[in-house]
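Read the structure below first, then the notes.
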Amino acid sequence: MASFCTKCGAALSPDKQICTACGAPAAAGSAVGVSAQPALPPAPSGSSAVKIIVIVIAVIADVKLCVAVSKAGRVRAVYRIAARVAEKV
Ligand SMILES: [Zn+2]
Numbered sequence: 027m028a029s030f031c032t033k034c035g036a037a038l039s040p041d042k043q044i045c046t047a048c049g050a051p052a053a054a055g056s057a058v059g060v061s062a063q064p065a066l067p068p069a070p071s072g073s074s075a076v077k078i079i080v081i082v083i084a085v086i087a088d089v090k091l092c093v094a095v096s097k098a099g100r101v102r103a104v105y106r107i108a109a110r111v112a113e114k115v
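For the sequence shown, counting from 1, position 67 maps to 93 in my numbering; every step adds exactly one.
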């Protein structure tokens, strides 16, 4: 009973458990095929990617907000210094 490699399609010898063409393990039965291809649900990975994007956007927004606040604080400090100078003069 001849079997073929699931990766490259080369003919597999029944006494060898590894494909001689590409080195992939020979699929002996359906159990090996199932274990070789673990079913990963795509929905959780997609939602996690969306969460990462949201977190990145939130971090960038926080940084911009902090920069704006610090700039406003510097402007206020400059106004205070200018007011003191104006009072002395
Ligand atoms: Zn192969």
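All residues carry an ideal CB built from backbone N, CA and C; glycine is no exception.
The model shown is predicted, which means the values in this text are computed figures rather than measured ones.
{"Item": "Given SER39 as reference, the closest of VAL85, ALA52, LYS33 once Cα atoms are compared", "Value": "ALA52"}
{"Item": "6 Å CB neighbourhood of SER29 in its chain, flanking five on each side removed", "Value": "LEU38"}
{"Item": "Residues proximal to ligand 1 by C-beta, any heavy atom closer than 6 Å", "Value": "CYS31, LYS33, CYS34, ALA36, CYS45, ALA47, CYS48, ALA50"}
{"Item": "Residues of its chain near CYS48, where Cβ-Cβ distance is below 8 Å and the 5 sequence neighbours each way are ignored", "Value": "CYS31, LYS33, CYS34, ALA36"}
{"Item": "For ALA37, three-class secondary structure by DSSP", "Value": "strand"}
{"Item": "One or two residues paired with ILE44 in a DSSP bridge", "Value": "PRO51"}
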